[in-house]
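Shown next, in structure tokens, is the structure this report addresses.
Below you can see the structure in the form of structure tokens.
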């Protein structure tokens, strides 16, 4: 069958319906759309494979850091300055990856016990929590470190940023700490606002009892 006959047959078949006529008249556009869809699907599959490969690569780097550098620091084979240097040398996506969060929290506790507060802050300042749970624990530990460093305003800023998240974990605890830090920083008005928020919003929470004690101290 000649090409002309095939084209004519296709045209006759498609012209039997209005929709078919529309397809035939715009066949180049429709073919282009189909090709674009196929390319899009193929691109998505490749992107997913790339994401999986990237996640595996990050996990490997975290494992290597934990087993070589962090374990070495705990065993006294890697000095604290070298621990910080090695961590700072990691890619940002490795520093803040979910699998790195437990390691960071463990290092933070270790460094605080060693009174290496500046080093603990140097590590925490590089990490960003990507999930409400990780954000809570990272921010709470960093706030403690900053408070111990005598940097109450910076600690307040960390917790204020945490409190902005509508899905913040343990909101009563976060606001109680904000009240306490503001009170310590001489900001009695702000402290009262946070304590009242805890008392009114979480009346049956253990933090509300503590907030009432702080309020009593405020009113003395």
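In the numbering used here, the protein residues as written are 62 to 281. Using N, Cα and C, we set each Cβ at its ideal position, and we do this for glycine too.
Could you check whether residue j and residue i sit closer than 8 Å to each other, using their CB atoms as the reference points?
i           : j           : result
residue 141 : residue 175 : yes
residue 187 : residue 143 : no
residue 273 : residue 260 : yes
residue 168 : residue 197 : no
Looking at C-alpha atoms only, which residue of the options is the closest neighbour of residue i?
i           : options               : result
residue 183 : 280, 202, 194 and 191 : 202
residue 255 : 194, 195, 214 and 236 : 236
residue 208 : 243, 160 and 132      : 243
residue 226 : 145, 177, 216 and 190 : 190
residue 193 : 170, 159, 257 and 179 : 159
residue 161 : 177, 147, 127 and 179 : 127
Distance, Cα to Cα, residue i vs residue j?
i           : j           : result
residue 156 : residue 280 : 44 Å
residue 269 : residue 136 : 42 Å
residue 223 : residue 134 : 30 Å
residue 219 : residue 200 : 6 Å
residue 107 : residue 211 : Here the model assigns residue 107 a pLDDT of 47, short of 50, so the residue's position is not dependable and the matter cannot be decided.
residue 130 : residue 154 : 18 Å
residue 172 : residue 138 : 15 Å
residue 181 : residue 266 : 31 Å
residue 152 : residue 122 : 9 Å
residue 238 : residue 146 : 31 Å
residue 125 : residue 165 : 14 Å
residue 195 : residue 276 : 30 Å
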